[in-house]
Ligand SMILES: [Zn+2]
Ligand SMILES: [Zn+2]
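Numbering (our numbering), first residue to last: 241 to 483.
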C-alpha cells in the first residue's frame, strides 16, 4: 500500500508537476502558490471557519446550530467540512468524482489536512477511515474519491489509515432528492465493519467528499461505534448550506 501510494505520487508528479499549472483551471502559476492552485480558483472556495454548526459543521450565517441538527441526534460526535458545496467547487468535485480527475485528491486532501490540524482533530483521533464505495461502483470508477482523500490526509498528518475498515454491503441509489427519512431508510444496514479486532482504535476520523444531511456518515458512525470505537469525528471536503 505504501509502495503503491508512492508510485501514485510519482506518477502524479510526472503528469502534473507541482507549481507549474493550476490543478483546477490549468493556468500557468508560480511555484509559490499554495496547494498548486491559482489565486483566482482559490478565491472561489468559500471556506468554512468557525461560523458553522457545532454538530454537523455546515456553514451558518448566524447562530451555532443548524435547523437540521436541532431536532436530530447524529451517531457521530462532530462533523466538519472544508468548504461550502456551491458554485465552481460543485463542478470541481463533480469532475473529481465522475470525470476521472482523481489527481484533485492531492490539493483537496492537503487543504483538508491543514484545516484538520487547525481544528485539533488530528490530536483527537488515532485512525482515519474513508467512506467506502460499493465494489461494483469502485470497479466502474476505478477509484474511491474518499479513499484517495484519506490517503493524502494520512500522509500529511501522519495518522494511521484503515481504508478497508468499512465495507458497503449493497449498492445504494443516489440520495439527492430524497427526504431525511428516505435517506435514513436507504442507508440502513448499508455498511459493515471488517477486521474489527485489528482496527483496535479509540477515536476515528471518517473522511468523505460531500456532507448533505449526514445519512451516509451517520450510518458509518453507527457501525464503527457498534464495533467498539469510542468517538467518531467526520471531515468532508464540502457541505451544503443550511438545508
Ligand atoms: Zn486556477
Ligand atoms: Zn448542523
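For glycine and all other residues, C-beta sits at the position ideal for the given N, C-alpha and C.
Near ligand 1: residue i beta-carbon under 8 Å from a heavy atom
i, result
"residue 293", "no"
"residue 269", "yes"
"residue 277", "yes"
"residue 280", "yes"
"residue 417", "no"
"residue 323", "no"
"residue 264", "yes"
Contact under 9 Å by Cβ, residue i with residue j
i, j, result
"residue 320", "residue 292", "yes"
"residue 445", "residue 368", "yes"
"residue 329", "residue 447", "no"
"residue 297", "residue 455", "no"
"residue 423", "residue 315", "no"
"residue 385", "residue 284", "no"
"residue 388", "residue 351", "no"
"residue 289", "residue 342", "no"
"residue 374", "residue 412", "yes"
"residue 407", "residue 428", "no"
"residue 265", "residue 276", "no"
"residue 452", "residue 399", "no"
"residue 287", "residue 273", "no"
"residue 475", "residue 355", "yes"
"residue 357", "residue 473", "no"
"residue 349", "residue 391", "yes"
Proximity test, residue i beta-carbon vs ligand 2 heavy atom, cut-off 8 Å
i, result
"residue 297", "yes"
"residue 305", "yes"
"residue 366", "no"
"residue 398", "no"
"residue 290", "no"
"residue 308", "yes"
Strand pairing of residue i, partner residues [DSSP]
i, result
"residue 431", "408"
"residue 448", "476"
"residue 287", "323"
"residue 292", "299"
"residue 471", "443"
"residue 367", "400 and 444"
"residue 261", "268"
Along the chain, which unbroken stretches of the alpha helix (DSSP H) at least 4 residues long are found entirely within the region 300–325? List check, alpha helix (DSSP H) in window: 307–310.
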